[in-house]
Amino acid sequence: MTITTLLLILLINIVFQSSILPYFSLFGYTPNTGLVLVIIIALRKGKYYGGFFGLALGLIQDILFGQVLGINGLILFIIGYIIGLIQDSLDIENIVIPIFFSAIFTIFYNFSYYLILFFLSRDILREIMIKIVFSIEILYNMIFAALIYKLFSKIFVIPNLRFGKR
Amino acid sequence: MMVTAVAIILIIIIGVTNKDRISLTKFEKIIGNIISPITKVTYNIGNKVTGFFSNLSNISNLKEENEELKIKVAALEDANSNLQNLIGQYDFLKNEASLIDNTNYELISAQITSKEPGNWYDIFIIDKGLKDGIGKNDNVIQGIETENGVIEEGIVGRVTDVGDNWARVVSIISEQNRISFKAIRTQDGGVLSRSNDGEIIGYLFDNEADIVPGDKIYTSGLGEVFLQDLYIGEVDEVQEVEEELIKNITVKPAIDFKKLFKVFVIID
């Protein structure tokens, strides 16, 4: 059941992110809803769901758009797993946490993307790197984190234990 | 343990796929075949929706627009009489049109179905693939009207991978291969090597070359990836780097990469 829901979310996100969102980009930067989704799912579902959701999403994005297979897969997998690791000690009902994490991990995502490209000896100027890493995308992702988090609190309802009469 | 294994496998995949591959694997083709028709529909919807919103925001301007239009009608009536004059030159214009037709390559019209979600590269998917005769390294162009009203082939990018009914296009502003160019006015050549914020930066072979902002830049056809004489854009800035004895130029591409919808693919 959970896996079917996650697969559905994954597919919807791929379609949404690559064909609708480009029309709503601000100053040429599009929000990364995939990254936000990985963060929120890892927060809700733990390291294995988070990690492998990130892996699947990243790999599909790489297959469709990437010139190199596996960059998105690796980064999103690691992000999902790291957040899943510390998920237990966090109060996930607090909306500040996904917003804060999406800011931190947007920087992490773009910086590790640059690092991988750097080691693949792609020619990217350092000033361009700084411009992309600390761009308006951070703010954009934070807004989407709040929206998606609200949406998800309806999908992944934590079952209440009920005793006695209903 | 398992995490390390997955990470290592992924790093190996990254290493292996980091070169120009001859063709895609079957698995990649299947995923592309499934997703590209879906995104084609949604991309169309996105296009319509943004059109609708920009129409809505125009309503407030209606009154102003009415006044403007009245003035415009008067101007148009004037222009109409000028056009009568043009009809007299029909033969000349027809020749010109056929000239443009003759220089055309064999083109396939394609629609963009989706764009790369990240902000690092400008990569997009089109809805034509192997079945329509598209091959790797085919040039993707769009009609661009240069100043004197002539429609020319403006280079958008090139096809890097082809699936059955989709193909991946890397635009010239995120091209990893260098693009050889020439300036049409002085016939000076050079290489475009990297991009910055939608502009392409390159250098000239001859540091004495007389290039000024506003010069038109075309592909030179060297390297045989890009065809000859496709319009790239105008020179925006010329910089002389004294220590390195080279002249850098910044080129503003003629094509608006943020608003692409329909493109043409040149078939060899």
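Chain order of the listed sequences is U and R. Its first residue numbered 153, the first sequence is counted upward by one per residue in the numbering used here. Its first residue numbered 819, the second sequence is counted upward by one per residue in the numbering used here. Quick reminder that beta carbons are idealized off the backbone N, C-alpha and C, glycines included.
- Around SER287 (chain U), the same chain offers TYR181 as residues with beta carbons nearer than 6 angstroms, after the five sequence neighbours per side are excluded.
- As the crow flies, the alpha-carbon of LEU303 (chain U) is around 30 angstroms from that of ASN851 (chain R).
- The Cβ-Cβ distance between ILE944 (chain R) and VAL1081 (chain R) falls below 8 angstroms.
- When CB distances to chain U are screened at a threshold of 8 angstroms, the residues of the stretch 1012-1028 of chain R falling below it are ARG1012, ASN1014, ASP1015, GLY1016, in chain order.
- Secondary structure at GLN994 (chain R): coil, using DSSP grouped into helix, strand and coil.
- Under the 10 Å beta carbon count, PRO855 (chain R) is surrounded by fewer than 16 other beta carbons and is classified as exposed.
- If you keep only unbroken beta strand (DSSP E) runs of at least 3 residues inside the stretch 244-302 of chain U, you get nothing at all.
- Chain-order list of chain R residues neighbouring LEU207 (chain U): VAL824, LEU828, by C-beta distance under 9 angstroms.
- Ranking R:VAL1053, R:GLN902, R:ASN879, R:LEU887 by CA distance to the CA of PRO1071 (chain R) puts R:VAL1053 first.
- For GLN929 (chain R), the CB contacts under 6 angstroms within the same chain, skipping 5 residues up- and downstream, are ASP945, LYS1080 in chain order.
- Secondary structure at LEU1078 (chain R): coil, using DSSP grouped into helix, strand and coil.
- Residue pairing by DSSP puts ARG1012 (chain R) in a beta bridge opposite R:ILE1019.
- In this structure, R:ASN995 is the residue among R:ASN995, R:ALA823, R:TYR939 with its C-alpha nearest to the C-alpha of VAL1043 (chain R).
- Using a Cβ-Cβ distance cut-off of 8 angstroms, the stretch 859-867 of chain R and the stretch 997-1007 of chain R are not in contact, since fewer than three pairs of beta carbons, one from each stretch, lie closer than that value.
- Between GLN239 (chain U) and chain R, the shortest Cβ-Cβ separation is not below 8 angstroms.
- When DSSP reads this structure, LEU178 (chain U) sits in a beta bridge with U:TYR181.
- In this structure the stretch 973-990 of chain R touches the stretch 939-959 of chain R; the number of beta carbon pairs closer than 8 angstroms is three or more.
- Between SER254 (chain U) and ASN293 (chain U), the C-beta gap is smaller than 8 angstroms, which places the two residues in contact.
- If you draw a straight line from the Cα of GLU1060 (chain R) to the Cα of ASN1014 (chain R), it is about 21 angstroms long.
- Straight across, the Cα-Cα distance linking ARG986 (chain R) with PHE296 (chain U) is about 28 angstroms.
- GLY232 (chain U) has a beta carbon lying at 8 angstroms or more from every beta carbon in chain R.
- Across the set U:LEU291, U:GLU289, U:ARG274, the C-alpha of U:ARG274 shows the shortest separation from the C-alpha of LYS837 (chain R).
- Neighbours of VAL988 (chain R) in chain U, taken as residues whose beta carbon is under 8 angstroms from its own, are GLN219 in chain order.
- Look at ILE973 (chain R) here: in three-state DSSP terms it is strand.
- The secondary-structure analysis by DSSP pairs PHE999 (chain R) across a beta bridge with R:GLY1008, R:THR1037.
- In the structure shown, the three-state DSSP call for PHE1044 (chain R) is coil.
- For GLY975 (chain R), not one C-beta of chain U is nearer than 8 angstroms to its own C-beta.
- When C-alpha distances from PHE252 (chain U) are compared across U:PRO174, U:LEU195, U:LEU159, U:ILE166, the shortest belongs to U:LEU195.
- In this model, ASN957 (chain R) and ILE1084 (chain R) are separated by some 5 angstroms (Cα to Cα).
- Secondary-structure assignment with DSSP links LYS1070 (chain R) through a beta bridge to R:GLU1052.
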